[in-house]
Amino acid sequence: MNNIARYISMLRRLFFLRAILVVALLMAQSPLYSQQEEQSPSLEELYSELDSLFANETIPDELFNLVDSLLTLDSAKYSSLNLRLGYVSNIVSAGRNFGFDQYGFSPGIAYYHHSGIFTGITGYFSNEYNPGYYLNTFNFGYIHTLGEKWVLSVAHDFYLFNDSIEYHSFDKVAQASIYFQKKWADVGADYALLYGNDKAHRLTVRANGRLKIKTLGFINSITFMPGASFQWGNANVFYLRQPRTAATDLNQIVQENNYPKLEYGGYRRLVYLLESDRQLAAASYLRERGYTRDQIEHTIASYYNGEFTVEDTFGFMNYSFSLPVSITAGKWNLLLNYAYNLPVALPGEEIEYSANGYFSTTLSYLIYWQKK
Numbered sequence: 029m030n031n032i033a034r035y036i037s038m039l040r041r042l043f044f045l046r047a048i049l050v051v052a053l054l055m056a057q058s059p060l061y062s063q064q065e066e067q068s069p070s071l072e073e074l075y076s077e078l079d080s081l082f083a084n085e086t087i088p089d090e091l092f093n094l095v096d097s098l099l100t101l102d103s104a105k106y107s108s109l110n111l112r113l114g115y116v117s118n119i120v121s122a123g124r125n126f127g128f129d130q131y132g133f134s135p136g137i138a139y140y141h142h143s144g145i146f147t148g149i150t151g152y153f154s155n156e157y158n159p160g161y162y163l164n165t166f167n168f169g170y171i172h173t174l175g176e177k178w179v180l181s182v183a184h185d186f187y188l189f190n191d192s193i194e195y196h197s198f199d200k201v202a203q204a205s206i207y208f209q210k211k212w213a214d215v216g217a218d219y220a221l222l223y224g225n226d227k228a229h230r231l232t233v234r235a236n237g238r239l240k241i242k243t244l245g246f247i248n249s250i251t252f253m254p255g256a257s258f259q260w261g262n263a264n265v266f267y268l269r270q271p272r273t274a275a276t277d278l279n280q281i282v283q284e285n286n287y288p289k290l291e292y293g294g295y296r297r298l299v300y301l302l303e304s305d306r307q308l309a310a311a312s313y314l315r316e317r318g319y320t321r322d323q324i325e326h327t328i329a330s331y332y333n334g335e336f337t338v339e340d341t342f343g344f345m346n347y348s349f350s351l352p353v354s355i356t357a358g359k360w361n362l363l364l365n366y367a368y369n370l371p372v373a374l375p376g377e378e379i380e381y382s383a384n385g386y387f388s389t390t391l392s393y394l395i396y397w398q399k400k
């Protein structure tokens, strides 16, 4: 492949890389629940989930192809503009499907300088918003090769929501990536800090293979890039006590404070009194079993305070598997992808998340020029 062809391949994918890393991070805004009963989403939940409309967190192929192009570009000095239009059939958040039925489009433009500096703007349309154009993202960053096989990148992103979205958890993202490439496979890791009104972390480890088929006619190549990713992160886990867990919660309060233990029937009796709003009877019941005044007050207060709690929890969140296909014809590129997610509950969650999948596609066109 000559230098111009390599450069076209690299720049075609540079905008995809930023779209993947920026928009996928929007997915982290949804709160998580630690109760089995289905919850009605709040306005903030709905907004945070819709913000992830065009997320392609499970598509490492664009990043890996960018790595491939950078490592083979040698001394070619090109700058470029990349124009693209994307579509996604469904939304997920760290692999979690919350049952919303949205689809949408994302036009964008990105500029790459031969020094490694890049910047871009992307707009987002959703069938669930009114007005449908609800978000712009602006990003800038730097990408650099180390030796023959390593690539590093750093970037920062800003989210500009329209006036219909009065509150959002995150509106800025700082991100860093490192990747190692062999001829037929690539591995790498991304770290992202999401911040704004709240703060969250995402760590994703990715690996993929690559099989390129050269064709005749106007299509230059077709590349298959099956991959997998594994994501860790933190999110707010909301706990709402259910009747079946009330006695267990009381037992935990007693054990954590080393208070006099009760029999199982005693816990159930105490739950009945507290849920009937009979605090005096509950206090008398505990006093008869050796509780001091301070212990009684603390036990009753802890029980009521624990009816609804919010905890920032970190843990493993999702397995993802994807099958992207990249079709190149001159300066045009068409990316088709199907992603399949196996989400995992965070510590403290009792929800059993179901597996889910979605389809996405992106069409892009590259304009480039060589440094004189």
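Mapping the sequence shown onto the working numbering, position 281 (from 1) lands on 309, and the numbers just tick up by one. Quick reminder that beta carbons are idealized off the backbone N, C-alpha and C, glycines included.
Quick one: residues in its chain with C-beta nearer than 7 Å to the C-beta of residue i, no 5 flanking neighbours on either side, listed in chain order?
| i | result |
| --- | --- |
| Pro288 | Arg317, Gly318, Tyr319 |
| Ile250 | Ile241, Thr243, Val353, Ile355 |
| Gln307 | Ile328 |
| Trp212 | Gly237, Arg238 |
| His141 | Ser107 |
Only counting the same chain, and skipping five residues up and downstream in sequence, which positions put a Cβ closer than 6 Å to that of residue i?
| i | result |
| --- | --- |
| Phe133 | Tyr115, Phe153 |
| Ala220 | Leu53, Val201, Gln203, Arg230 |
| Asn190 | Tyr162 |
| Asp218 | Ser205, Thr232 |
Taking the straight line between their C-alpha atoms, what separation do you get for residue i and residue j?
| i | j | result |
| --- | --- | --- |
| Phe186 | Phe168 | 9 Å |
| Thr150 | Tyr331 | 48 Å |
| Glu380 | Tyr292 | 28 Å |
| Tyr396 | Leu113 | 18 Å |
| His184 | Ala256 | 25 Å |
| Leu370 | Ser382 | 7 Å |
| Glu339 | Tyr223 | 17 Å |
| His392 | Tyr161 | Looking at the sequence shown, residue 392 is not His but Ser. Straight-line Cα distance between these residues: approximately 20 Å. |
| Tyr313 | Leu298 | 8 Å |
| Asn164 | Ser205 | 23 Å |
| Gln259 | Phe146 | 26 Å |
| Asn384 | Asn158 | 27 Å |
| Lys399 | Ala138 | 18 Å |
| Glu377 | Asn248 | 48 Å |
| Leu465 | Phe336 | With the chain covering 29 to 400 only, the question about residue 465 has no answer from this structure. |
| Ala311 | Arg321 | 8 Å |
| Phe246 | Ala357 | 6 Å |
| Asn225 | Asn155 | 26 Å |
| Gly294 | Pro254 | 57 Å |
| Ala367 | Phe252 | 14 Å |
| Met29 | Phe342 | Residue confidence for Met29 is low, a pLDDT of 46 falling below 50, so the modelled location carries little weight; the figure read from the coordinates is stated next. About 45 Å. |
| Leu301 | Gln283 | 20 Å |
| Tyr347 | Asn279 | 35 Å |
Can you tell me whether residue i is buried or exposed, with buried defined as 16 or more other CB within 10 angstroms of its CB?
| i | result |
| --- | --- |
| Ala274 | buried |
| Glu303 | exposed |
| Thr390 | buried |
| Asp89 | No answer about Asp89 holds up, because its pLDDT of 39 lies below 50 and its placement is not dependable. |
| Phe198 | buried |
| Asn361 | buried |
| Val265 | buried |
| Leu188 | exposed |
| Gly175 | exposed |
| Asp214 | buried |
| Val182 | exposed |
Short of 8 Å in beta carbon distance, which residues of its chain neighbour residue i, apart from the five on each side in sequence? Order them along the chain.
| i | result |
| --- | --- |
| Lys210 | Lys177 |
| Leu98 | Per-residue confidence for Leu98 stands at a pLDDT of 45, beneath the threshold of 50, marking its modelled position as unreliable; the derived number appears in the next sentence. Excluding positions up to five away in sequence, the list reads Met38, Ile171, Thr173, Val179. |
| Phe166 | Thr147, Gly148, Ile149, Asp185, Phe186, Leu188 |
Of all the options the options, which has the alpha carbon lying nearest to the alpha carbon of residue i?
| i | options | result |
| --- | --- | --- |
| Ser107 | Glu291, Ser197, Pro135, Gly144 | Gly144 |
| Asn285 | Gln323, Ala309, His229, Glu291 | Gln323 |
| Gly216 | Leu231, Glu325, Leu222 | Leu231 |
| Pro375 | Gly334, His142, Met345, Val299 | Met345 |
| Leu364 | Ala357, Leu351, Ala373 | Leu351 |
| Phe349 | Lys227, Gly136, Arg234 | Arg234 |
| His196 | Leu290, Phe208, Ala228 | Ala228 |
| Ile281 | Ala309, Arg315, His326, Arg272 | His326 |
| Ala373 | Phe166, Lys105, Gly261, Gly136 | Gly261 |
| Arg296 | Gly136, Arg272, Gly148 | Arg272 |
Using beta carbons (cut-off 8 Å, strictly below), is residue i in contact with chain C?
| i | result |
| --- | --- |
| Ser312 | No chain C is present in this structure, which holds just one protein chain. |
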